[in-house]
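Here the sequence shown is numbered in the numbering used here, starting from 657 and rising by one per residue.
From the three backbone atoms N, C-alpha and C, an ideal C-beta is built for every residue, glycine too.
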Amino acid sequence: MDKRLEGISLRMALRSVADLAMPRTCVVCGRKLLLREEHICTECEIGLPFTFFAKQRDNPMALAFNLMIQREIESAGEDASYEPFSFADSLIFYSGGSPYKNIPMRLKYGRDFAEGRLFAAMLGRDMASSPLFCDVDAVVPVPLHRMRRWRRGYNQAEVIAKAVADELGVRVEASLIKRVRSTRTQTRLQRSQRYANVKSAFTADCSTLGKCRHLLLTDDVFTTGATLCACERALRAALIDSFGPEEGRRTRISAATLAYVGR
657 MDKRLEGISL RMALRSVADL AMPRTCVVCG RKLLLREEHI CTECEIGLPF
707 TFFAKQRDNP MALAFNLMIQ REIESAGEDA SYEPFSFADS LIFYSGGSPY
757 KNIPMRLKYG RDFAEGRLFA AMLGRDMASS PLFCDVDAVV PVPLHRMRRW
807 RRGYNQAEVI AKAVADELGV RVEASLIKRV RSTRTQTRLQ RSQRYANVKS
857 AFTADCSTLG KCRHLLLTDD VFTTGATLCA CERALRAALI DSFGPEEGRR
907 TRISAATLAY VGR
């Protein structure tokens with residue numbers, strides 16, 4: 657056998673033929689991918705702007721998320737003498753001027769599920785190696801309103817949740833939270849308007865959940881944390897309703913996204 661053919665699987669052979677008809681391109685730079693490259697070229701993969709948040713308890717995303725939660729607790733006048741600190745992780749930094757923004761965008765708007773699963777699995781492996789996330793019981797995707805989901809055909813947060821859950825070895829609880837009110841897209845709103853836009857847009861039901869130590873919310877991008885905070889508040893209220901104030905506040909609710917805006 658020709659040594660050039662050794663190690664080439666049937667899958668690789670079929671891919672090389674398919675690439676002739678429809679070349680695969682790098683999600684970041686758009687360059688034609690080599691045979692063994694998956695969704696991202698080697699050069700762009702080396703330059704991935706990783707956050708390395710997984711092992712940092714007080715990373716910028718976690719601090720921003722917890723600050724927003726604390727403000728909501730205080731503004732509601734709730735008795736929250738103890739709620740666990742919410743951990744947070746994101747795979748990469750997000751910037752509107754960076755081509756790496758295409759990583760979450762191609763999943764969200766381009767229906768590229770394979771690409772989304774690849775990077776979500778990277779996120780999940782990162783979290784699986786961290787003691788902060790070793791006790792996660794279930795992953796909960798941020799829901800879309802039923803009309804937006806019908807128009808889009810899928811929920812990108814569920815794609816992320818499933819890949820992350822597989823790496824953590826836990827289940828996905830996609831029906832815990834529902835979006836009961838359609839809202840304007842967050843991308844067109846100023847920072848100060850975002851939470852008001854999504855406040856009370858979600859409801860949750862934990863009556864069939866069972867007791868959990870740690871729940872993980874997933875979404876595509878963390879900008880201000882408004883959507884994740886609104887989901888956390890709905891989930892916390894449902895936990896308290898199902899298990900009582902003391903037990904309902906023991907469950908840690910953390911967050912994970914593909915990208916973090918804040919660099």
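The C-beta distance from Ile816 to Pro799 rounds to 13 Å, too long to meet the 8 Å contact threshold. No Cβ-Cβ contact shorter than 9 Å links Leu832 with Asp782. According to DSSP, residue pairing for Phe878 in a beta bridge involves Tyr916. Between Glu823 and Ala784 a beta carbon distance of about 5 Å is seen, short of the 8 Å cut, so the two are scored as contacting. In the three-state reduction of the DSSP assignment, Lys764 falls in the helix class, which pools H, G and I.
Distance between Lys764 and Glu902, taken at the CA atoms: about 38 Å. Bridge partners of Thr859 according to DSSP: Lys834. Apart from the 5 residues on each side of it in sequence, Thr707 sits with its Cβ closer than 8 Å to the Cβ of Asn715, Met717, Asp745, Ser746, Leu747, Ile748, Phe749, Tyr916 in its chain, given in chain order. Thr698 counts as exposed, since fewer than 16 other beta carbons sit within 10 angstroms of its beta carbon. Put simply, the backbone Cα of Asn722 is about 7 Å away from that of Phe741. Burial check for Cys790: the Cβ neighbour count within 10 Å stays below 16, so the residue is exposed.
Scanning the stretch 705–765 from its first residue to its last, the whole beta strand (DSSP E) runs of 3-plus residues come out as 744–750.
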